[in-house]
Each structure stands twice: as structure tokens, then as C-alpha cells.
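Q: Numbering (my numbering), first residue to last: 49 to 343.
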Ligand code: BJW
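1. Please confirm whether residue 312 and residue 286 have their CB atoms less than 9 angstroms apart.
2. Look at the alpha carbon of residue 84 and the alpha carbon of residue 130, and state the distance between them as a whole number of angstroms.
3. Between the Cα of residue 314 and the Cα atoms of 300, 307, 331, which residue gives the shortest distance?
4. Tell me which same chain residues have a C-beta within less than 8 angstroms of the C-beta of residue 105, skipping the five on either side of it?
5. Please name the residue, chosen from 110, 134, 103, 317, that lies closest to residue 119 on a Cα-to-Cα basis.
6. Please determine, among 153, 247, 280, 107, the residue with the shortest C-alpha to C-alpha distance to residue 266.
7. Can the beta-carbon of residue 189 be found closer than 9 angstroms to that of residue 253?
8. In angstroms with no decimal places, state the Cα-to-Cα distance between residue 279 and residue 171.
9. With DSSP collapsed to three states, give me the class of residue 301.
10. Indicate, with yes or no, if ligand 1 has a heavy atom lying under 8 angstroms from the CB of residue 257.
11. Taking the straight line between their C-alpha atoms, what separation do you get for residue 11 and residue 127?
12. For residue 269, which of helix, strand or coil comes out of DSSP?
13. Buried or exposed for residue 57, please, with buried defined as at least 16 other CB atoms from any protein chain shown within 10 angstroms of its CB.
14. Can you determine whether any heavy atom of ligand 1 sits closer than 8 angstroms to the C-beta of residue 314, and answer yes or no?
15. Got a sec: does ligand 1 put a non-hydrogen atom nearer than 8 angstroms to the Cβ of residue 168?
16. CB-CB under 7 angstroms to residue 80, same chain, minus the five flanking residues each way: which ones, in chain order?
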């Protein structure tokens with residue numbers, strides 16, 4: 049489009065100062081400088097494992113061991129990562145501004161660990177540390193669990209990241225190039241975590257997979273916020289904004305009057321529908337930019 053975004057920090061500060069109702073849509077780029085890979089970025093998480101092949105209920109039905117190894121690895125990396133200055137800056141904004149809500153697509157637990165007030169943080173895609181029975185209709189068991197490994201079988205004995213270059217090189221070296229999972233130890237279904245309540249079904253990560261609905265309570269909270277009147281600003285931070293329904297909240301906020309401010313390493317990652325008059329774009333690492341933007 050002919051519209052190009054504003055890149056001037058002073059005008060953003062002026063607008064933020066006048067704002068009382070502000071949203072932030074958060075994505076994997078927020079946690080990138082904490083050392084957690086993004087989904088679709090360079091060297092991304094799913095370079096050797098296709099997103100669609102692991103983050104779906106069908107994948108879990110087909111090969112629960114592979115999917116649990118993937119999530120066991122993600123839990124391990126997240127627990128060993130630290131919140132960065134952007135997580136803390138957003139948590140401080142929430143403390144200062146009661147009308148600020150962060151809508152996070154991240155499941156890594158870093159915003160909660162930066163003491164972001166829980167009432168002002170909606171975890172759209174759940175959490176790696178919620179663990180639940182696959183049968184949420186009859187059984188309904190759910191627990192919060194930070195054990196690492198969750199069960200002994202999910203310990204990675206070699207310490208090799210199954211999605212790493214190292215693992216890929218090992219697979220290539222073993223001439224088993226067709227099977228990039230070579231570096232993964234074989235895990236039997238019986239050694240995976242089972243539900244302690246019904247003793248019948250496997251436990252699964254409490255995240256939202258493709259084709260699944262977002263948590264009802266979270267969607268209700270977002271709805272209630274959107275019904276609360278005019279919105280001054282939505283910040284779109286470190287997300288490709290390609291995954292529905294999270295991405296649709298940007299347009300919803302625009303319709304309620306919000307100006308859009310994108311913070312991203314990649315200038316090609318525009319908001320859905322493109323730039324509009326009055327948008328801001330700040331290019332770079334969220335961990336460096338957010339503290340300056342929100343101070
Ligand atoms: C930096 C940075 C730095 C890097 N600083 N920036 C066709 C059309 C439209 C929709 C659909 C369709 N086909 C299917 C759908 C629906 C589907 C969907 O949207 N698919 C699209 C891919 C097309 N959506 C769903 O299925 C959703 N459910 C649903 O629709 O339900 C309907 C329903 C209703 C009622 C009953 C039943 C069903 C569910 C979506 C769930 C998404 N889940 C995942 C996995 C979560 C668990 C896990 O973590 O494994 O969520 S997918 C994955 O994508 C994850 C992320 O939260 C999400 C978003 O990714 P994100 O955060 O944007 O990451 P990246 O990597 O894409 O981007 C990183 C960005 O950061 C980049 O821009 C970088 O440049 C930037 N960056 N370093 C600043 N330092």
C-alpha cells in the first residue's frame with residue numbers, strides 16, 4: 049500500500065501518555081532474546097519438525113512419544129530461560145495502567161515469571177506447564193507441573209536438542225537422512241505420563257493445537273475487554289500475526305479506534321490488512337526496544 053508507518057518514538061510516547069485502554073498482542077519474538085527459538089523464523093523451532101506435524105491433536109494420536117519429546121524439550125528450554133527486559137517492561141506497564149491487557153500467544157511461562165499481573169495477561173495458547181488428561185470431557189483432570197523431566201523417559205540423555213543442527217548433522221552422518229529424528233531416543237507409550245485421576249488416558253501438554261478452540265475463559269476475557277469501549281492502542285510485538293484467532297484481535301482493536309504499533313525484527317511482517325495511516329513500526333529486538341518505548 050502507499051501508506052508507510054511512522055517510526056518516530058516521540059509521537060508514540062505522546063500517544064501512550066494519553067492512553068488508558070491498551071492491548072499488546074505478544075508472540076515468539078518477545079522471547080527470542082531469552083534464547084527461545086521462534087516458530088517460523090530463521091533457525092526456527094520447526095525447521096526439522098514441521099509445525100503442522102507436531103502441534104495438532106492428530107499428531108499426538110499418531111505418535112504421542114514424538115510429540116511429548118518435542119514438548120518435553122520445550123519445557124526444559126523454557127525453564128532454563130530467563131525473562132528479558134521486554135517481559136519486565138510489559139509487566140511494569142500493566143502495574144501502572146489498569147486498562148492494559150497483554151494477549152500472549154507464548155506458552156513459555158516467561159511473562160508470568162516476570163510478575164506480569166495475572167489479571168492483565170491472557171494466555172491465548174495455554175501453557176507448557178499446564179498438563180491435562182487428553183479426555184477433558186469425561187475425566188477433565190488438569191494440573192500445574194514444573195517437573196523437568198516430566199517423567200524419566202522424557203529426559204534427553206545426550207542433552208542434544210532434537211531440533212538442532214547438531215541433531216540434523218548426526219542424522220545425516222548416520223546416513224539415515226530420511227529420518228531426521230534419529231537423534232531422539234526411542235520412547236514407549238507406556239513410559240509416557242498417564243492421567244493420575246482416570247488412570248486410563250495419557251496426559252498431554254495444556255497448549256492449544258491447530259484446530260482446537262482457545263480456552264473459553266480467555267476468549268470471554270478478551271470479549272469483555274473489547275466490549276469495554278474505545279481502545280487507544282494495540283501493540284503487536286514479535287509475532288508474525290498469521291495465526292487465527294489471535295491475529296484477528298488486531299482488526300477488532302482497530303475497529304474500536306486503536307492505533308497499531310508493530311515491534312518486529314522483520315519489516316516484512318506487517319499487520320493483517322497492511323499498514324494504515326497513523327500506525328507505528330519499530331524495527332529491531334523487542335528486548336531492546338520495549339524498555340525505551342514504555343519507560
Ligand atoms: C522478533 C524477534 C525479536 C523474531 N524481537 N521480533 C486458513 C485460514 C485461516 C485460518 C485457518 C486456516 N486453516 C486453519 C486455520 C485456523 C488455524 C490458523 O490460524 N492457521 C493459520 C496457520 C492459517 N487456527 C487454529 O487452528 C486455532 N484454532 C481455531 O481456529 O479454532 C477454531 C475452533 C473453534 C471452535 C471449536 C474448535 C475449533 C488454534 C491456533 C493454535 C496455534 N497454536 C500454536 C502452537 C501452540 C503450542 C506450541 O507452542 O507448540 O501457537 S501454532 C504457533 O503459532 C504457536 C504460536 O503461539 C503461534 C504464533 O506464532 P508467532 O508467535 O507469531 O511466532 P512466529 O515464529 O510465527 O513469528 C515470530 C515473529 O517474531 C516474526 O515476525 C519475527 O520476525 C519476530 N521476531 N525475533 C522482535 N528479537
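Glycine included, every Cβ here is placed at the ideal spot set by N, Cα and C. Since this is a predicted model, take the numbers as computed values, not measurements.
A: This is what the structure gives:
1. yes
2. 10 angstroms
3. 331
4. 257, 259, 260.
5. 103
6. 153
7. no
8. 20 angstroms
9. helix
10. yes
11. The requested residue 11 is not part of the displayed model; the chain covers only 49 to 343.
12. helix
13. exposed
14. With a cut-off of 8 angstroms, the C-beta of residue 314 is classified as near ligand 1, since at least one heavy atom of the ligand falls inside that distance.
15. no
16. For residue 80, where only same-chain residues beyond five positions count, the Cβ hits under 7 angstroms are 86, 286.
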